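Per this note's numbering, the sequence shown runs over residues 566 to 724. Here a beta-carbon is modelled for each residue, glycine too, at the ideal position from N, C-alpha and C. Here the structure is a predicted model, which means the values were calculated and not measured.
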Amino acid sequence: PKTLQLMHQVLRRSEFATAEVASKFPFYEFFYDPNIWNPDEVFGDASHVFAHRQGEAWCSLIAERMQLSQEIMERAIGTNMQELDNARLEQKTRAFVNGVPGVVYQYSGIMEGMPLAYYNFATSGSKGTMQIACWTSANLLEEYTDVFLTFFGGFTLRG
Numbered sequence: 566p567k568t569l570q571l572m573h574q575v576l577r578r579s580e581f582a583t584a585e586v587a588s589k590f591p592f593y594e595f596f597y598d599p600n601i602w603n604p605d606e607v608f609g610d611a612s613h614v615f616a617h618r619q620g621e622a623w624c625s626l627i628a629e630r631m632q633l634s635q636e637i638m639e640r641a642i643g644t645n646m647q648e649l650d651n652a653r654l655e656q657k658t659r660a661f662v663n664g665v666p667g668v669v670y671q672y673s674g675i676m677e678g679m680p681l682a683y684y685n686f687a688t689s690g691s692k693g694t695m696q697i698a699c700w701t702s703a704n705l706l707e708e709y710t711d712v713f714l715t716f717f718g719g720f721t722l723r724g
């Protein structure tokens, strides 16, 4: 995939992110705003799934104890994109979430005739790997971009 833009973002936990999820593994903590996000039905590799209160956007947490290389994480994103027709990597951005380095991938495609847009944060280190995947309808991405970035800010590494 072609990288269209490489920027740098620093994300922090929102003061409204007060609800904590039970971590699947002890290497991370995750907090979310309970006035915006509701726990939803878990599927696939996700340990937690959240639905936006308006029912137009979702985010999931995928945690693994293994440290993965950047190449393997890129392949995982590529595998996600293969589930979409006309998949396209729109942007790849370096980011720091509460001091943890990672990459934000923005990609789009069509699933069952519906244009979708995704924002994923992925990081991996000696403590484990975390992918936070968020998605909505392509026509709503601009409205939800800041919401997704704020959601990413709920991730922190322990100790």
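Closest residue to residue i among the options (Cα-Cα distance)
{"i": "Ser625", "options": "Arg723, Tyr597, Thr583, Gly667", "result": "Tyr597"}
{"i": "Lys692", "options": "Glu636, Arg630, Asp650", "result": "Arg630"}
{"i": "Gln574", "options": "Ala660, Tyr672, Thr694, Glu708", "result": "Ala660"}
Separation of residue j from residue i, as counted between CA atoms
{"i": "Thr568", "j": "Ala703", "result": "Its pLDDT being 39, under 50, Thr568 is placed unreliably in this model, and the value from its coordinates should be taken loosely. Whole-angstrom Cα-Cα distance: 19 Å."}
{"i": "Asn627", "j": "Phe581", "result": "Residue identity check: residue 627 is Ile in the sequence provided, not Asn. Roughly 22 Å separates the two Cα atoms."}
{"i": "Met679", "j": "Val669", "result": "23 Å"}
{"i": "Tyr593", "j": "Glu655", "result": "28 Å"}
{"i": "Phe720", "j": "Val662", "result": "7 Å"}
{"i": "Met667", "j": "Thr658", "result": "The sequence shown places Gly at residue 667, rather than the Met named in the question. The alpha-carbon atoms of Gly667 and Thr658 are separated by roughly 9 Å."}
{"i": "Glu585", "j": "Phe595", "result": "6 Å"}
{"i": "Ile697", "j": "Phe717", "result": "7 Å"}
{"i": "Leu714", "j": "Ser634", "result": "23 Å"}
{"i": "Tyr683", "j": "Phe590", "result": "25 Å"}
{"i": "Asn651", "j": "Leu681", "result": "11 Å"}
Local Cβ density within 10 Å of residue i, reported as buried at 16 or more and exposed below that
{"i": "Met676", "result": "exposed"}
{"i": "Val614", "result": "buried"}
{"i": "Arg578", "result": "buried"}
DSSP-derived helix/strand/coil call for residue i
{"i": "Gly643", "result": "helix"}
{"i": "Phe713", "result": "helix"}
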